Amino acid sequence: MGIKQIIAVASAKGGVGKSTICANLATYFAKDFKVGILDADIYGPNQHILFDVFKSKPEVKTIDGKKSFIPIEVNNIFLNSMGFILDEDKAAMWRGPMLSGAIKQLKELTQWGNLDYLFIDMPPGTGDAYLTVASEIKPNHVILVTSQSKLAVQDTIKSKTMFEKLKIPMIGVVDNMSYSVYPNSEEQIFEFPSINLENEIGLKVLGSIPRTKDLANFNPNNLSTFFEPLYNELIKFT
Ligand SMILES: Nc1ncnc2c1ncn2[C@@H]1O[C@H](COP(=O)(O)OP(=O)(O)O)[C@@H](O)[C@H]1O
Ligand SMILES: [Mg+2]
């Protein structure tokens, strides 16, 4: 009953692919399990755009005297997002505690039903939102997303230190955009000298996802097979 496992997809760095990895993994898991996504990116919610439901609004119902959100069901996933709730122009000026309070409410007031997995798409940074998620939502696992750049790796190390302090277990790192695959080709093109992420970050690399045109244009009905090994790896830990 309730939510069996909560997995946060996180990274201190923006633009490394947290939302992309979260959307693809959730869709992959939803083939076999009951899955939800909580888009906690208060600064730039994206999941409602990726799943093409940005014009929807979760229905608000009063249940046991409390206002509750009915999540949007899309591609077999139950979704609630800051993007449905926030007036983004105003939210940009909110202070940290207001924003992190909003994440807590979004999680608690949503009627998730019984879920096997709730994925949380985290904002960039190491600020209030992370403290709230760690203390109030208490994910069972964290997956860190990085790309093969010096800056992303340094920020991933920052995230790792923070989660260690918050005592939230990290399963490992996703090496996103680590090589390129161009349309109609199977060739793997490594454009940059690769960084040994396990040595640099000190966490297991769960999988490497290429940079592709399809992944840049997420379509939940046309899932990328590149996520299969990552899914198989994650299922062992959760
Ligand atoms: N594996 C990938 N292949 C191609 N484009 C990607 C890939 N991962 C992310 N992107 C693109 O990179 C940008 C940043 O990704 P996003 O998921 O929004 O990152 P974050 O949530 O960490 O800010 C987006 O434009 C996204 O479409
Ligand atoms: Mg994002």
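In terms of this note's numbering, the sequence shown is residues 462 to 699.
All C-beta atoms, glycine included, are put in the ideal place defined by N, C-alpha and C.
Since we're looking at a predicted model, the values are computed, not measured.
Indicate, with yes or no, if ligand 2 has a heavy atom lying under 6 Å from the CB of D502. yes
Using CA coordinates, which residue listed in G588, Y643, I538 and V635 is at the minimum distance from L627? G588
Could you confirm whether any beta carbon from chain B is found closer than 7 Å to the beta carbon of F679? The structure shown contains no chain B, having only a single protein chain.
Which residues in the same chain have their Cβ closer than 8 Å to the Cβ of K565, if we skip the five residues on either side of it in sequence? T593, E597 and I598
Cutting at 7 Å between CB atoms, please list the residues of its own chain near S542, excluding the five before and the five after it. If we look at S542 and ignore the five residues flanking it on each side, its Cβ neighbours are D500, P506, Q508 and H509.
What number of angstroms, rounded off, separates the C-alpha of G668 from the C-alpha of V635? Rounded to the nearest angstrom, the two C-alpha atoms are 5 Å apart.
Would you mind working out which of P558, I468, Y692 and E569 sits nearest I524, comparing C-alpha positions? Nearest Cα to I524 within the set P558, I468, Y692 and E569: E569.
Any chance the CB of N507 is under 6 Å from a heavy atom of ligand 2? yes
Span of the alpha helix (DSSP H) around L691: E689 to F698
What does D675 pair with, by DSSP beta-bridge criteria? Residue pairing by DSSP leaves D675 without any beta bridge partner.
Give me the Cα-Cα distance between K518 and I581, rounded to the nearest whole angstrom. 19 Å
Let me know if F490 comes out buried or exposed under the rule of 16 or more other beta-carbons within 10 Å of its beta-carbon. buried
Taking the straight line between their C-alpha atoms, what separation do you get for G526 and F651? 56 Å
Please confirm whether L691 and S472 have their CB atoms less than 7 Å apart. In this structure, S472 does not lie closer than 7 Å to L691 by Cβ.
Environment of L612 [buried if 16+ CB atoms lie within 10 Å]: Around the beta carbon of L612, a 10 Å sphere encloses fewer than 16 other beta carbons of the protein chains shown; the residue is thus reported as exposed.
In this structure, how does DSSP classify R466 when only helix, strand and coil are distinguished? According to the sequence as given, residue 466 is Gln; it is not Arg. Three-state DSSP puts Q466 in a strand.
Roughly how many angstroms separate the alpha carbons of E648 and G562, rounded to a whole number? 46 Å
Would you kindly check if the distance between the Cβ of F679 and the Cβ of A484 is under 7 Å? The answer is yes: Cβ separation under 7 Å.
Please report the residue range of the beta strand (DSSP E) in which G577 lies. The residue you asked about is not Gly; residue 577 is Asp in the sequence shown. Its beta strand (DSSP E) spans residues L576 to D582.
Check whether the Cβ of S480 lies closer than 6 Å to any heavy atom of ligand 1, and answer yes or no. yes
Which residues does DSSP list as the beta-bridge partners of T622? In DSSP, T622 forms no bridge with anything.
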